[in-house]
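Student:
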Amino acid sequence: MQLTTTMNTQMQSVKAQIQARWEAKVWVTAVLLLLVFITGFAIVQYATPSLAGNDGYYHMKMGYLIRTQGLKPDFPYLPYTILNEGAFYDHHLLYHVFLALFATTDPALDGGLALTQGAKLASIVMPSLAFLAIWWLLRGQKVPYAAVWAIGLFAVSEAFLYRMSMPRAQSMSLLLLVLGLHWLLQGKYKLLLPLGFVFVWAYNAFPLLLVVAGTYAIATFMLERRIAWQAVVYPAVGIALGLIINPYFPQNIDFIVGHLLPKVGESSTPVGNEWSPYRTWTLVENSGVALMAVLGGILALGWREKRMDKSTLVALGLTVLFGYMLFESRRFIEYFPPFAFIFFAFSAAPILREWLAAWGEKRPYLHQLAPIALLLLLAYPLYVGLTDARELVADSSPADRYADATIWLHDNAPAGTMVFQTDWDDFTRLFFYNSNAVYTAGLDPTFMELEDKAFYERWVDITRGRVDQPGAAIRDEFGAAYVFSDLNHDNFMEDAEDDPLLQEVYRDEYAVIYQVGNP
């Protein structure tokens, strides 16, 4: 009896030691992978001293305002839009809280250097965490060499890497979706409730969590003939709670409806390049490896000659859905490539396990050589992916493009001054450098159109030079004391030259500023 007890104690001790070593190995792998991902995204990010894209300047300044003013800072900056002070809803709230960790100095004081560098660091950390979550997902499904697969994400699409490198919430969105898929496949449905809550506060792409959950529920019914209602109900409840228990309720509900309508309806207002689809060949060029991953996954299914498992069916369904969304709008490039790669990994995993089991008995060293061989196979695609992504990021507009002009406004215009700008997408940089002024339009032209269509059309007519001597309208209708314009609005600038109410007070190689006078 005593001998049996001693043996059981020893076995439990050995088991505990093995488990501790295994957990230590997992943590070491996670840390090393995170460093690899950080290095990869740093290679892409520091191709330029600027930020990738345009919206990141707005997001980083919001992070600074949250750091200096609290969770719900005042937002008087777009009074003629649905984001006016009484209706403002920060639909990237938790992402802005994350950016606040890296936001230290007002750009008006240092020319934007500190916030730009902080945004770049944040845009390295967040996508690295998303890639780490994909490794965790692959590991959870026992995909052989999950770490190598995860590193391969740097090869799937340079456009995807470019989007991940923007100081925008899509990398956080990918992180949350991958966590959701992982917990669904693990059967941890209750965790989807807090995840849904967090997603609402993080980014307004939260309906995608229901898309993932719905795809899982359909796959479960197809393969197991049971209704996995918990998979849909828990995230739905979390989303509902996130909408209601929200510092911006009920403005958030009004904004979500107002923001989605022009995207799903037939608004003729141009809303930015990212909402237009890629040309087919462009997609082949910038995401060829992702498309090959889909083909590889389908071929692997045929090779297996067995019934598809649930994880693979879910990944296939999500790949098809995100692929369709990508063909409708290029902004979904942040979802299709990684899920296509996940589908390929899930589909190929059983084949790899069979090969490793068969070869491992005869040639055990293959277990050590296989990941090295896979990395060598990936070496060229990784080089191409990172190099092409660097080229995209390097093509970004200079971070200080409007710095001098906007800081001039900051120093010379009283706080609260209305600035009439001739292009809505200049707002992000104007706001970044000068949050003392307020502006006519920004972030999305439909925000102004939805607030007052006639007023929006009046603004368009003025900015395109259709109104002779526009100074009176700018002063009396828009209440603006200054006009900011890039140097591409030739028709407007010709009108301004002939208008005695518009006096040029500043000009550089990027912009011109007019002061609006009295008659």
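Each residue of the sequence shown is one higher than the one before, starting from 9 at the first, in our numbering.
Note that beta-carbon positions come from the ideal geometry of N, C-alpha and C, so glycine has one too.
All values reported here derive from a predicted model rather than from experimental measurement.
#1: Measure the CB-CB distance between G525 and D507 and report whether it falls below 7 Å.
#2: Consider the Cβ of L326: report whether some Cβ of chain B lies at a distance smaller than 7 Å.
#3: Buried or exposed for I74, please, with buried defined as at least 16 other CB atoms from any protein chain shown within 10 angstroms of its CB.
#4: Tell me whether M230 sits in a helix, a strand or coil according to DSSP, three-state version.
#5: Closest to V45 by C-alpha separation, out of S319, A489, I132, A239, would be which residue?
#6: Got a sec? Which residues, its chain only, sit under 8 Å from L383 by beta carbon, not counting five neighbours each side?
#7: Short of 7 Å in beta carbon distance, which residues of its chain neighbour L137, apart from the five on each side in sequence? Order them along the chain.
#8: For the beta strand (DSSP E) that I521 lies in, which residues bound it at each end?
#9: Got a sec? Which residues, its chain only, sit under 6 Å from L597 by beta carbon, not counting five neighbours each side?
#10: Helix, strand or coil for R483, going by three-state DSSP, please let me know.
#11: As a quick exercise: from F106, L509, L299, D408, pick the residue whose alpha carbon is nearest that of A127.
#12: Take V513 and list the residues in its own chain whose beta-carbon comes closer than 6 Å to its own, dropping the five residues that flank it on each side.
#13: Any idea if T47 is buried or exposed, counting beta-carbon neighbours within 10 angstroms, 16 or more meaning buried?
#14: Where in the stretch 97-142 do unbroken runs of the alpha helix (DSSP H), each at least 4 residues long, occur, reported from the N-terminal end onward?
#15: Taking 6 Å as the limit between beta carbons, can you name the residues of its chain near L321, skipping five residues before and five after?
#16: Quick one: using the 10 Å Cβ neighbour count with 16 as the cut-off for buried, is G71 buried or exposed?
#17: Taking all protein chains shown into account, decide if V446 is buried (16 or more other Cβ within 10 angstroms of its Cβ) or exposed.
#18: Taking 7 Å as the threshold (C-beta atoms), are P389 and A163 in contact?
#19: Taking the alpha carbon of Y242 as the reference point, which residue from P406, P358, K198 has its own alpha carbon closest?
#20: Please determine, among G473, F435, T471, the residue with the shortest C-alpha to C-alpha distance to T89.
#21: Along the chain, where does the beta strand (DSSP E) that runs through D494 open and close?
#22: For K69, does the count of other Cβ atoms within 10 angstroms reach 16, so buried, or fall short, so exposed?
#23: Is the stretch 170-190 touching the stretch 53-60, taking contact as three or more C-beta pairs under 8 Å?
#24: Have a look at G188, G424, S493 and flag the residue whose alpha-carbon is nearest the alpha-carbon of S319.
#25: Closer than 8 Å is the cut-off here; do at least three beta carbon pairs connect the stretch 496-505 with the stretch 389-399?
#26: Check whether the stretch 238-252 and the stretch 191-208 touch, using three or more Cβ-Cβ pairs below 8 Å as the test.
#27: Sort R287, F344, A108 by Cα distance to V220 and report the nearest one.
#28: Cα separation between L117 and I142?
#29: Under DSSP, the beta strand (DSSP E) around Y514 begins and ends at which residues?
#30: Closest to N260 by C-alpha separation, out of I306, A239, Y211, would be which residue?
#31: Please classify W209 as buried or exposed, where buried requires at least 16 neighbouring CB atoms within 10 angstroms.
#32: Whole angstroms are fine: how far does the CA of V186 sit from the CA of G273?
#33: Per DSSP, which one or two residues make a beta bridge with V446?
#34: Taking its Cβ as the centre, do 16 or more other Cβ atoms sit within 10 Å of E166, making it buried, or is it exposed?
#35: Suppose you measure from the CA of R398 to the CA of P406; what does that come to, to the nearest Å?
#36: For A423, I'd like the list of residues in its chain whose CB is within less than 7 Å of its CB, leaving aside the five on either flank, ordered along the chain.
Tutor: In short, the structure shows the following:
#1: Reading the sequence shown from its first residue, position 517 is the one you call residue 525. Reading the sequence shown from its first residue, position 499 is the one you call residue 507. No, Cβ-Cβ distance for G525 and D507 is not below 7 Å.
#2: Chain labels in this structure do not include chain B; a single protein chain is all it has.
#3: In the sequence shown, counting from the first residue as 1, residue 74 sits at position 66. With 16 or more other Cβ atoms within 10 Å, it is buried.
#4: Along the sequence shown, one-based indexing puts residue 230 at 222. The three-state reading of DSSP puts M230 in helix, counting H, G and I together.
#5: By one-based count along the sequence shown, residue 45 stands at place 37. For the sequence presented, residue 45 should be read as Phe rather than Val. Minimum Cα distance to F45 is reached at I132.
#6: As a first step, residue 383 must be located in the sequence shown, where it is residue number 375. Within the same chain, L383 has close Cβ partners V156, I159.
#7: What you label residue 137 is simply residue 129 of the sequence shown in a count that begins at 1. Contacts found: L183.
#8: Stepping through the sequence shown from its first residue, residue 521 is reached at position 513. Annotation for I521: the continuous beta strand (DSSP E) segment containing it runs 519-524.
#9: Only positions 9 to 527 of the chain appear in this structure, which leaves residue 597 out of reach.
#10: Start at 1 with the first residue of the sequence shown, and residue 483 comes out as number 475. In the three-state scheme derived from DSSP, where H, G and I count as helix and E and B as strand, R483 is classed as helix.
#11: For the purposes of this step, residue 127 is identified with residue 119 of the sequence shown, where counting begins at 1. When only C-alpha atoms are compared, the closest one is F106.
#12: On the sequence shown, residue 513 is found 505 positions in, with the first residue counted as 1. Only I521, Q523 meet the Cβ criterion.
#13: For the purposes of this step, residue 47 is taken as the residue at position 39 of the sequence shown. Classification for T47: exposed.
#14: Correct list: 101-108, 115-118.
#15: The residue labelled residue 321 in the question sits at position 313 within the sequence shown. Listed in chain order, the non-local C-beta contacts of L321 below 6 Å within the same chain comprise A227, local neighbours out to five positions each way being set aside.
#16: As a position in the sequence shown, residue 71 is number 63, starting the count at 1. Buried, since its Cβ has 16 or more Cβ neighbours within 10 Å.
#17: Numbered from 1 along the sequence shown, position 438 holds the residue referred to as residue 446. By the Cβ neighbour-count rule, V446 is buried, with 16 or more other Cβ atoms within 10 Å of its own.
#18: Position 155 of the sequence shown, counted from the first residue, corresponds to residue 163. Position 381 of the sequence shown, counted from the first residue, corresponds to residue 389. Contact flag set, yes.
#19: Working through the sequence shown from its first residue, we reach residue 242 at position 234. Distances from the alpha-carbon of Y242 to those of P406, P358, K198 put K198 closest.
#20: Locating residue 89 in the sequence shown gives position 81, counting from the first residue. The shortest Cα separation from T89 among G473, F435, T471 belongs to F435.
#21: Counting from one through the sequence shown, the residue named residue 494 turns up at place 486. Boundaries of the beta strand (DSSP E) around D494: 490-494.
#22: By one-based count along the sequence shown, residue 69 stands at place 61. Looking at its Cβ environment, which holds 16 or more other Cβ atoms inside 10 Å, K69 is buried.
#23: These segments touch.
#24: One-based indexing of the sequence shown puts residue 319 at position 311. Of G188, G424, S493, the residue nearest in Cα terms is G188.
#25: No, the stretch 496-505 does not touch the stretch 389-399.
#26: The stretch 191-208 and the stretch 238-252 touch, with three or more beta-carbon pairs separated by less than 8 Å.
#27: Counting from one through the sequence shown, the residue named residue 220 turns up at place 212. Ranking the options by Cα distance to V220, first place goes to F344.
#28: Working through the sequence shown from its first residue, we reach residue 117 at position 109. Working through the sequence shown from its first residue, we reach residue 142 at position 134. A straight line joining the alpha-carbon of L117 with that of I142 spans about 40 Å.
#29: Working through the sequence shown from its first residue, we reach residue 514 at position 506. Counting along the chain, the beta strand (DSSP E) containing Y514 begins and ends at 510-515.
#30: Residue 260 sits at position 252 when you count from the first residue of the sequence shown. Considering only alpha carbons, the answer is Y211.
#31: Residue 209 sits at position 201 when you count from the first residue of the sequence shown. A buried status is given to W209, since no fewer than 16 other beta-carbon atoms sit within 10 Å of its beta-carbon.
#32: For this step, residue 273 is matched to residue 265 along the sequence shown. For this step, residue 186 is matched to residue 178 along the sequence shown. Low confidence applies to G273: its pLDDT is 48, below 50, so where it sits in the model is not reliable enough to give any reading.
#33: For the purposes of this step, residue 446 is taken as residue 438 along the sequence shown, with counting starting at 1. Residue pairing of V446 in beta bridges, as defined by DSSP: M426.
#34: What you label residue 166 is simply residue 158 of the sequence shown in a count that begins at 1. Looking at its Cβ environment, which holds 16 or more other Cβ atoms inside 10 Å, E166 is buried.
#35: Your numbering for residue 398 matches position 390 in the sequence shown. Your numbering for residue 406 matches position 398 in the sequence shown. The C-alpha of P406 is placed about 15 Å away from the C-alpha of R398.
#36: For the purposes of this step, residue 423 is identified with residue 415 of the sequence shown, where counting begins at 1. N444, listed in sequence order.
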